[in-house]
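The opening position of the sequence shown corresponds to residue -13 in the numbering used here, with each subsequent residue numbered one higher. By construction, the Cβ of each residue, glycine as well, lies at the ideal position given by its N, Cα and C atoms.
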Amino acid sequence: MAKSTLSRLRRPDFLLLLMAVAVPLSFAAWQTLLNNFAIERASFSGQEMGILQSLREIPGFLAFAVVFLLLLIREQRLAYISLALLGIGTAVTGFFPSVIGLYITTVIMSIGFHYYETLQTSLALQWIDKSHSAETLGRLIAAGSFASIVTFGLIWMFDDLLGLDYQWIYLIMGGLTLVIASIAWLGFPLFPQKTEQHKHMVFRKRYWLYYTLTFMSGARRQIFIVFAGFLMVEKFGYTVSQIALLFLVNATINVFLAPRIGRLIGRIGEHRALLIEYAGLILVFCGYAVVETAWIAAGLYIIDHLFFAMAIALKTYFQKIAAPEDIASSAGVSFSINHIAAVVIPALFGIIWLSSPALVFYAGAAMAAVSFALSLLVPEIPAMGRESRFAFSSVDSR
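Structure representation (structure tokens):
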């Protein structure tokens, strides 16, 4: 009976769920502790934080190199290696409490995180049928959010109850990701690919709208990732435990709502879902710019995070317009496009932050407004040859 149950669990969808759980154990811990660790131990200001976040995004910008690594190793195995790098980078972070040390460990962690995220997107879009991909992607977000809840709970226990130092918290959480990566490697077979993937870069003109939306998404996402959390610590004095609690609320909401948001996207379509996401973000970023009350800022942060689940629509839009053999290569290319602005914005806006934090968030609202305008071009029913609302192309177009 146990052997039969184990056999049923050795499926691609369950492997995706298991790996989705592994990521937040390291990344959520790294992110939750980062602002306090950087300020308290490495004496960071907004400028150093901006530089660090720019360095963190460089591996994302280089995600297109994944396609070349696929010449040497299978995509599934490369995902395991990426998870291991994420775990290692997180595990050693606390042992290097300096500006240069934090920069180096961040890059190691980031290589694993960004390469895994690229590969997860590629594998999910290859393994999951289009008819229920949005809902399944929502479940992956929910699984990751549940793991985040566990992570935040452990951080609260380690920090408040046990009084562990940063280095031991980082070491434990990174080690857990390494354990899961090992289980995935040893416990699952290599699943066959339905379509042989290109082993070279694929950049097609007919995907222009997807590429542009991806670029804008990467630009405005950095405002949230880098500066919304920094606002909580610098302006409102949030502690490690309070930041962990805030993340815990976000993750709890996602566990329940992400699968439902996936189903909603399946019903209303990518066009409407993207419009809802970007309209909401315009209001949220404007709110960040003027907020003066800690609990209102926390509410904006929670709403902002909720809109991240709506990003499923951009992935399913691409799945519907892409040729099956383009998915792996295009996932790397689009991930790099997503991070072009991400390499520049944190450092540049870190300098702007020193004189006007509000201006940083107004710029985020402007980015969301551009994304809203672009989303008007997404067709009601995307498909190969119907990539945008007003411009139709041949599926053979390069």
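Query                                                                                                                                                             : Result
Skipping 5 residues on each side, what residues in its chain have a beta carbon closer than 8 angstroms to that of Ala369?                                        : Lys306 and Ile307
Work out the CA separation of Ile127 and Val381 for me, nearest whole Å.                                                                                          : Note that Val381 scores a pLDDT of 46, beneath 50, so its modelled location is shaky; the value from the coordinates is reported in the next line. Using only the alpha carbons, I get a separation of about 31 angstroms.
To the nearest angstrom, how far is it from the Cα of Trp44 to the Cα of Pro365?                                                                                  : At residue 44 the sequence reads Ile, which differs from the Trp that was named. Near 32 angstroms, if we compare the C-alpha coordinates of Pro365 and Ile44.
If we ignore side chains and look at the alpha-carbon of each, how far apart do Ile313 and Ile94 end up?                                                          : 26 angstroms
Val52: buried (16+ other C-beta within 10 angstroms of its C-beta) or exposed?                                                                                    : buried
State the start and end residues of the unbroken alpha helix (DSSP H) segment that holds Lys306.                                                                  : Ile298 to Ile307
Around the Cβ of Arg206, are there at least 16 other Cβ atoms within 10 angstroms (buried) or fewer (exposed)?                                                    : buried
Could you tell me which of Met143, Gln39, Ile323 and Ile169 sits nearest to Leu231, measuring between CA atoms?                                                   : Met143
Should the segment 276 to 293 be regarded as contacting the segment 209 to 219, the criterion being three or more beta carbon pairs within less than 8 angstroms? : yes
With distances taken Cα to Cα, identify the nearest neighbour of Val9 among Leu345, Ala133 and Ile326.                                                            : Ala133
Between Glu34 and Gln228, what straight-line distance do the alpha-carbon atoms span, to the nearest angstrom?                                                    : 23 angstroms
Determine the extent of the alpha helix (DSSP H) in which Ile453 is found, giving its start and end residues.                                                     : Outside the displayed span of the chain (-13 to 384) sits residue 453, for which this structure offers no information.
Do the segment 270 to 290 and the segment 213 to 222 meet, that is, are 3 or more Cβ pairs less than 8 angstroms apart?                                           : yes
Kindly indicate which three-state DSSP category Arg372 falls into: helix, strand or coil?                                                                         : strand
Using only alpha-carbon positions, find the residue among Trp16, Ala110, His325 and Asp115 that is nearest to Met159.                                             : Trp16
Using 8 angstroms as the threshold, is the segment 161 to 174 in touch with the segment 251 to 263, meaning 3 or more CB pairs across them?                       : no
Determine the extent of the alpha helix (DSSP H) in which Met218 is found, giving its start and end residues.                                                     : Gly215 to Glu220
Rounded to whole angstroms, what is the Cα-Cα separation between Tyr386 and Arg375?                                                                               : Residue coverage of the chain in this structure runs from -13 to 384, which leaves residue 386 outside it and unanswerable.
Taking 6 angstroms as the cut-off, does the CB of Ser119 come closer than this to any heavy atom belonging to the ligand ZN?                                      : Looking at this structure, you won't find the ligand ZN or any other ligand, since it has none at all.
Applying the 10 Å Cβ sphere with the 16-neighbour rule, what's the burial state of Asp146?                                                                        : exposed
With the cut-off set at 7 angstroms, would you say Gly204 and Asn324 are in Cβ contact?                                                                           : yes
Is Glu373 buried or exposed, if buried means 16 or more other CB atoms sit within 10 Å of its CB?                                                                 : buried
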